[in-house]
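By this note's numbering, the letter at position 122 of the sequence shown is numbered 104, and the numbering carries on one by one without gaps. Where a beta carbon is used, it is the ideal one built from N, C-alpha and C, also for glycine. Computed from a prediction, not measured in an experiment: that's the story for all the values here.
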Amino acid sequence: MIRLLGKIPNNNFYLACSGGVDSMVALDFFLNGRYKPTVLNFDHDTEFGDTARKFLRKKCHELDIPLIVNKIGRDKRADESQEEYWRNERYLFFSNIPGTIITAHHLDDAAEWWVFSSLHGQSKIIPYRRENVIRPFLLTPKSEITAWAKDKKVEYLNDPSNKDEKYMRSIIRHKIMDHAYIVNPGLRTVVSKKIKEENEGL
């Protein structure tokens, strides 16, 4: 079951969509709840970015919902990793949107970030809010998202970079997390509890 953290804005809001399963399930979830968000897509200037943009234009046209697309606007600095570069530009785009933006970060993302940050000396929880961006799906495990996609026959794309181990997130996801869950089968529960503790009162 999809669980939400905090409240969804009653007025208009924006949904960040990559075209992948997480964000497309989030879109389907909101449409089923009679919400009609404006979809935001950030093109990272990759081959997949072009494919995702075309896919989302088609879907949003079919669903009669607005779509805003932006593309990365500068070269990567020498002191940035590829992932930092993309993230910095993506959140710069988000900061110029005049309203609340929802992303589809989920519990497994939070567990991965917890493990990654622990390896760097300080365990961290993905925050529910960052400026005008909120992450209401942080208590929902990935398995519930994929189950929704299968049950509702949600169309989505698979980003090949998610399996490319030149990116740190892919190494964490595909090389470390399976072992982390063996060492601590209750890791998701631990992270979920931390998320709730940090967001009491929402």
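- Message: Do V51 and R59 have their beta-carbon atoms positioned less than 9 Å apart in this structure?
- Response: Here R59 is not near V51, since their CB atoms are 9 Å or more apart.
- Message: Pull the bridge partners of K53 from the DSSP assignment, please.
- Response: Bridge partners of K53: D25.
- Query: Is it true that the segment 159 to 175 meets the segment 79 to 95, where meeting means three or more beta-carbon pairs spaced less than 8 Å apart?
  - Reply: The segment 159 to 175 vs the segment 79 to 95: in contact.
- Task: Please report the Cβ distance between Y(-4) and I84, rounded to the nearest whole angstrom; I am assuming they are in contact, meaning their Cβ atoms lie under 8 Å.
- Result: The pair is a contact, with the Cβ atoms about 7 Å apart (cut-off 8 Å).
- Starting from the C-beta of Y110, find all residues in its chain whose C-beta is less than 8 Å away, skip the five residues before and the five after it, and write them out in chain order. Around Y110: L(-13), G(-12), I116, R117, P118, L120, I177, E180, N181, L184.
- Does the segment 139 to 155 come within contact of the segment 26 to 35, defined as at least 3 CB pairs closer than 8 Å? Per the Cβ contact rule, the segment 139 to 155 is in contact with the segment 26 to 35 (3 or more Cβ pairs under 8 Å).
- What's the C-alpha gap between C42 and L13? Answer to the nearest angstrom: the Cα atoms are 12 Å apart.
- Item | the segment 1 to 20 / the segment 148 to 162 touching (three or more Cβ pairs under 8 Å) | They do not touch, by the three-pair rule.
- Keeping to the same chain, check which residues put their C-beta closer than 6 Å to that of R(-15); ignore five residues upstream and five downstream. So the list reads L121, T122, once near-sequence residues are dropped.
- Item | Spatially closest choice to A(-2) from S125, S63, G81, by CA coordinates | Checked all of S125, S63, G81; the closest Cα to A(-2) is G81.
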